[in-house]
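Below is one structure, written out as structure tokens; the observations come after it.
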Amino acid sequence: MKILLVTQILLYIASSGVLSPKDIFFRNHLNCVSGQNNNPTGLYPPTQAWQGLFDPNPYFLFLMTGIGILFEGAGIALLWLFPASWTAWIIAVVCIFISGAHMQEVGHDLGHYSCFKNLKYNYWAQNITFTFLGGQSSSFWNKRHNEHHSKPSVISKDPDVTFPGNVILLGNDMPKDVGRKGKGMLPYQYQHIYLTIVCGSVWGAVAVYFAAKILQGLWLSILTQSHHLHLGVSAQDKHQDWFSYQVEHCFNFTPNWFINWATAYTNYHIEHHLFPTMPVENHHLAAPYIKELCKKHGLEYREISWAEAIAKVPRELQRPGEIWLEEYKNI
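Here the sequence shown stands for residues 57 to 387, numbered as in our numbering.
Here it is as structure tokens:
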């Protein structure tokens, strides 16, 4: 399995243009920032402080899984005990939504092989979490998520910003191209309105499960996109160095106990993109070193509040629609 995993990673890296096979096998370091020669990775400070940050902590996994099971059980118990109460149904929806969101984050961490030292344990645990409990393909999710980590916010390379048939327009390049060619099947100048309504509605939800899944999908979509969207989406690969590219295309939510819990520590998104296999509960320990490195090399380490990040999402949907409309009118 290790050989298969490494082979898949190398094939994708080579095909996506991140590094050539020669770079992978024969270069001693990657000149991560400003072409300077640091230690072999170009990231670790010359201290022993990083020791242990990549060591998996199964207890954190069990804690997160326990929270998910607890809220799932609470939702089912409410429906069982108070089947005629609308209040109980609403609370049950919220409980099952929280459970689903937590289990999604557990599956995410397992997909990064950061929960157990043994790769097989991560693999099978993710299959149980995603495939059997979540009803989604873990292999398909891994493929898409690895592509996202490789080239975040690049159209046709990041599946999170690539949509078939131009259903959604993002960034500046995509709406200009679609507008100039007179293409488009929707009134994109209003996409920030109708996408919010469609994605956030509970129309057609005939049971608590479906309502909770709709909330879970909405939450996860907003959570993932709000870490990247307002930093721009490009149609062309800029071929920047790895460190600078990841820092410039990610930002963190200002941490506090609630945000850390609600996002399962993925609010440290810069650290997560730089170190995908680092256990998420250790990201806050790595953050001071990343801030210092960014300051040293003139890179902006972005950190904004969760509320501010969420508020930017509708605006980032509105702006491409306005660009498309302007180009469409000028045909």
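Ideal Cβ placement from N, Cα and C applies to all residues, glycine included. Keep in mind the model is a prediction, meaning the values are calculated, not measured.
| Asked | Found |
| --- | --- |
| Nearest by alpha-carbon distance to E372: which of L274, E356 and L225 is it? | L225 |
| In or out: S195 buried (at least 16 other Cβ within 10 Å) or exposed? | exposed |
| What first and last residue would you give for the alpha helix (DSSP H) that runs through R375? | W362 to K385 |
| So which of F153, D111 and L109 has the shortest CA-CA distance to G129? | F153 |
| Within 10 angstroms of its Cβ, does W380 collect 16 or more other Cβ (buried), or is it exposed? | buried |
| Excluding five sequence neighbours on each side, which residues of the same chain lie with their C-beta closer than 7 Å to the C-beta of Y169? | L175, N178 and T333 |
| Secondary structure at N308, three-state DSSP: helix, strand or coil? | strand |
| Give me whichever residues DSSP pairs with S290 in a beta bridge. | V210 |
| Could you check how far apart the C-beta atoms of M120 and H164 are, in whole angstroms? I think they sit under 8 Å. | Contact doesn't hold; Cβ gap of about 10 Å is too wide. |
| By DSSP, does E356 sit in helix, in strand, or in coil? | coil |
| What residues in its chain sit with their C-beta under 6 Å from that of G377, if we drop five residues either side in the sequence? | Y244, Q245 and Q247 |
| Taking 8 Å as the cut-off, does the stretch 352–372 touch the stretch 194–213 (at least 3 CB pairs, one atom from each stretch)? | no |
| Enumerate in chain order the residues of its own chain whose CB-to-CB distance from F357 is below 6 Å, with the five nearest sequence positions on each side excluded. | Just to set this straight, residue 357 is Tyr in the shown sequence, not Phe. Within the same chain, Y357 has close Cβ partners K347 and C350. |
| Just how far apart, CA to CA, sit E359 and R236? | 36 Å |
| For the stretch 292–303 against the stretch 323–331, do three or more pairs of beta-carbon atoms, one drawn from each stretch, fall closer than 8 Å, so that the two count as touching? | yes |
| For the stretch 126–179, list the alpha helix (DSSP H) runs that are entirely contained and at least 4 residues long, ordered along the chain. | 142–167 |
| Helix, strand or coil for I224, going by three-state DSSP, please let me know. | coil |
| Give every residue of the same chain whose Cβ lies closer than 7 Å to the Cβ of V210, excluding the five residues on either side of it in the sequence, and list them in chain order. | S290 and D293 |
| Reducing DSSP to helix, strand and coil, say where L271 ends up. | helix |
| Taking the alpha-carbon of V162 as reference, which of I125, L242, P215 and N386 has the nearest alpha-carbon? | I125 |
| Closest to P311 by CA distance: which of E337, H305, L242 and S155 is it? | E337 |
| Distance, Cα to Cα, A342 vs K352? | 16 Å |
| Under the assumption that P112 contacts P335 (Cβ atoms under 8 Å), give the Cβ distance between them as a whole number of angstroms. | 6 Å |
| On the three-state DSSP scale, how would you describe G238? | coil |
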